[in-house]
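Have a look at the structure below before the remarks.
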Amino acid sequence: MRVAITGASGFLGGALARAYHDNGNHVVALVRKTSNISLLKELGVEVIYGELSDETVFNTLLKNADLGIHCAALTTDIGPWEQFVAVNINGTKNFFEASLKQGCSKVVYISSVVVYGNGRHHRGTDEEAPYETIIVDNYTRSKIIADRMAFEYHQKRNLPVTVVRPGYIWGPGDRAIMPLLIEAIKSNKLAVVDGGTNIMHLSHIDNVVQGIMLAAKSEKSTGRAYNITDGSKVTTFRFLTDLINIIGVEYKIRSFPYVPVYVVAYFLELYARLRRYKFKPPITRYTVRLSKYDQFFDISRAIYELGYKPQVNYKEGMAGLTGSVPSWFYSIKKF
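The sequence shown begins at 1 in our numbering and counts up by one.
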């Protein structure tokens, strides 16, 4: 089977490229010229260089592809709206258009549980829940538009697309969130909101890869959305405490009340906009919300329709970090 993957130099895309390659498939990976493709070279997958704004590169990527997986996205929660439109919205549209033109048999769009919003508690939210309407960040806004677009392409143009909505993808190889947490610990800046008692939407990389592969091969998944998380109820405080214990340092996690922190985040974002985002705020309303509200999502649909069963539980996932996190911690400088 020929499998085309965007964002293949990233954490999730790279893991998918390895998994499909190891299962005997021909993997074609779309990456930017500035991307680190050492893993892809090691695997020997076919690499295509291009930008998500280039419609023609998607036709090359998806030519003769049996399966197309769109992982590439701008995942920061702060920045000019135009960038999110170019990457998360127009890039996704280009992928869908090329999938139709090239006759791709199956398409998987990697969305996120952020489409349900993070300004309220989620205590078993399922895929039928409405999209968030009170949005404070461009990432969430762009992912909602792209998520909705996937269903429009299926309903109006018969695109055989499945939407997968993971939470925070964690595990060995995470170069997005984990480095920020480690740097915050190193710099004595790590803190929580209201005691860190909220539940996190943890999605171990191995579990997400499994969920995507199951969704991709299921005929009944077409036109459906699936929450893919670990199904765990781990609080922010516990997660950070366990991470600190793995590193092996003494660190007292400070806690601040939600309302004043949220107000500070608002003004930091305002200042960032005035500086045309040359200033990156240390906290945003998006991250403060995530630190306040429970983020527990129902994965029953994936379990019953796809046969999804999280392979890695929380304890095993944490154990898997022991080989990389401590050395990472001691290799970085304080900032």
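Note that the Cβ used here is the ideal one computed from N, Cα and C, for glycine as well.
All values reported here derive from a predicted model rather than from experimental measurement.
Helix, strand or coil: which one does DSSP assign to N59? helix
Report the residue ranges of all alpha helix (DSSP H) runs contained in full by the segment 104-188; include only those spanning at least 4 residues, in chain order. The qualifying runs are 138-157, 178-186.
Rounded straight-line distance, which links the Cα of W170 to that of N339: The requested residue 339 is not part of the displayed model; the chain covers only 1 to 335.
Can you check which of these residues, K33, D242, R289, is closest to V386 by C-alpha distance? A question about residue 386 goes unanswered here, because the residues of the chain that appear run from 1 up to 335.
For the beta strand (DSSP E) containing H21, name the first residue and the last one. Premise fails: H21 lies in the alpha helix (DSSP H), 11-22, not in any beta strand (DSSP E).
Measure from the alpha carbon of S111 to the alpha carbon of each residue in F96, R32, Q83, A73, then state which is nearest. A73
Of the residues A29, I247, L61, L240, the one placed nearest G323, counting alpha carbons only: Out of A29, I247, L61, L240, I247 has the C-alpha closest to the C-alpha of G323.
So, under 8 Å CB-CB, P281 and I78 are touching, yes? Tell me the CB distance rounded to an integer number of Å. 6 Å
Does DSSP put Q295 in a helix, in a strand, or in coil? strand
Can you tell me whether DSSP reads I253 as helix, strand or coil? Looking at I253 - three-state DSSP - the assignment turns out to be coil, as it is neither helix nor strand.
Whose CA, out of Y139, L306, A65, T235, lies closest to the CA of R285? Ranking the options by Cα distance to R285, first place goes to Y139.
Taking the alpha-carbon of M200 as reference, which of V113, V209, I253, K220 has the nearest alpha-carbon? V113
Check whether the segment 263-277 and the segment 139-151 are in contact - that is, three or more C-beta pairs closer than 8 Å. no
Less than 8 Å between the CB atoms is what I'm expecting for A146 and N88, so what's the real figure, rounded? 5 Å
Around the C-beta of L214, are 16 or more other C-beta atoms found within 10 angstroms, so that it is buried, or is it exposed? buried
Mind checking G317: buried by the 16 CB within 10 Å criterion, or exposed? buried
Residues in the same chain with beta-carbon distance under 8 Å from A302, minus the five sequence neighbours each way, listed in chain order, please. G211, L214, A215, Y226, N227, I228, Y308
In chain order, which continuous runs of the alpha helix (DSSP H) of length 4 or greater are located wholly inside the segment 201-242? 205-217
Could you check which residue in A272, Y271, L190 has the C-alpha nearest to that of I244? L190
Let me know if T125 comes out buried or exposed under the rule of 16 or more other beta-carbons within 10 Å of its beta-carbon. buried
Contact set for T197: own chain, Cβ-Cβ below 6 Å, skip 5 residues either direction: Taking C-beta separations shorter than 6 Å and ignoring five residues to either side along the sequence, the partners of T197 in its chain run T235, following chain order.
How would you write the range of the alpha helix (DSSP H) that A98 sits in, first residue to last? 90-101
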